[in-house]
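S.K.: One structure coming up, written as C-alpha cells, with questions to follow.
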Amino acid sequence: MTRITLSDDRLTVSLEGLDRLWALKGSITVPLQHVRGATADPGAVREPKGVRAPGLHVPGVAAVGTFHREGEKVLWAVHDGADAVVIELVDEDYARLVVEVDDPRAVADEVNAAAQRAAG
Numbered sequence: 001m002t003r004i005t006l007s008d009d010r011l012t013v014s015l016e017g018l019d020r021l022w023a024l025k026g027s028i029t030v031p032l033q034h035v036r037g038a039t040a041d042p043g044a045v046r047e048p049k050g051v052r053a054p055g056l057h058v059p060g061v062a063a064v065g066t067f068h069r070e071g072e073k074v075l076w077a078v079h080d081g082a083d084a085v086v087i088e089l090v091d092e093d094y095a096r097l098v099v100e101v102d103d104p105r106a107v108a109d110e111v112n113a114a115a116q117r118a119a120g
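For the sequence shown, the positions run 1 to 120 when full-length UniProt numbering is used.
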C-alpha cells in the first residue's frame with residue numbers, strides 16, 4: 001500500500017513496507033499544479049508495464065518500481081490492483097503514478113479537488 005498526503009500546494013506519495021525497497025524510492029512529492037487528475041482504476045493492473053528499472057514485477061502478484069513504456073516513465077506500486085488509483089502528471093519526471101490505497105475512490109476525489117483548488 002501507499003499513503004497519499006495532500007498539503008496546500010503539494011501531493012506526496014509515500015511507499016510503505018517492502019515496496020520502498022523494491023522501488024528504491026521512499027516517496028515522491030509533486031506540486032498540485034502538476035497533477036492533471038486521478039482515477040480509481042482496478043483495471044490498470046492489467047496494462048502492459050514496459051521495461052522495469054528498478055523494481056519488481058511478478059505478473060498477477062506485484063508491480064512495484066519505475067517502468068518505462070513508449071517514452072513514458074511510470075511509478076507502479078500495486079499488488080492485486082483492486083484498490084489502484086492512477087494519478088496523471090504533467091511537467092514531472094513521471095507521467096503517471098499507479099498505486100494502491102485503502103479507499104481509491106475517496107483518494108481520487110480528494111486529489112482531484114486539491115488539484116482543482118491549486119489550479120485556481
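Using N, Cα and C, we set each Cβ at its ideal position, and we do this for glycine too.
1) Could you have a look at P59 and say whether DSSP puts it in helix, strand or coil?
2) What is the DSSP secondary structure of L24, counted as helix, strand or coil?
3) Among residues of its own chain, excluding the 5 on either side of V90, which ones have a beta-carbon nearer than 6 Å to its beta-carbon?
4) Could you tell me the boundaries of the alpha helix (DSSP H) in which R105 lies?
5) Suppose the cutoff is 7 Å on Cβ atoms and the five residues either side in sequence are ignored; what does the same chain contact list for H68 look like?
6) Given a cut-off of 8 Å, decide if V85 and A119 are closer than it, judged by their beta-carbon atoms.
7) Drop a sphere of 10 angstroms on the beta-carbon of G65, count the other beta-carbons inside from all chains shown, and report buried for 16 or more, exposed for fewer.
8) So V45 and I28 are in contact, right, with Cβ under 8 Å, and what is the actual spacing, rounded?
M.R.: Taking the coordinates as given:
1) Taking the sequence shown and counting its residues from 1, one reaches residue 59 at position 59. P59: coil per DSSP, three-state reduction.
2) Position 24 of the sequence shown, counted from the start, is the residue given in the question as residue 24. Looking at L24 - three-state DSSP - the assignment turns out to be coil, as it is neither helix nor strand.
3) Residue mapping note: residue 90 aligns to position 90 of the sequence shown, counting from 1. Contacts found: H34, R36.
4) On the sequence shown, position 105 is the one that residue 105 refers to. It spans 104 to 119 - the alpha helix (DSSP H) in which R105 sits, taken as one unbroken run.
5) Locating residue 68 in the sequence shown gives position 68, where the first residue counts as 1. Only G50, V51, A53 meet the Cβ criterion.
6) Along the sequence shown, one-based indexing puts residue 119 at 119. Along the sequence shown, one-based indexing puts residue 85 at 85. Taking 8 Å as the Cβ cut-off, A119 and V85 do not qualify as a contacting pair.
7) Numbered from its first residue, the sequence shown carries residue 65 at position 65. The residue in question, G65, is buried, as its Cβ has 16 or more Cβ neighbours within 10 Å.
8) Along the sequence shown, read from residue 1 onward, the residue named residue 45 stands at position 45. Along the sequence shown, read from residue 1 onward, the residue named residue 28 stands at position 28. With 8 Å as the limit, V45 and I28 do not qualify as a contact, their Cβ atoms being about 19 Å apart.
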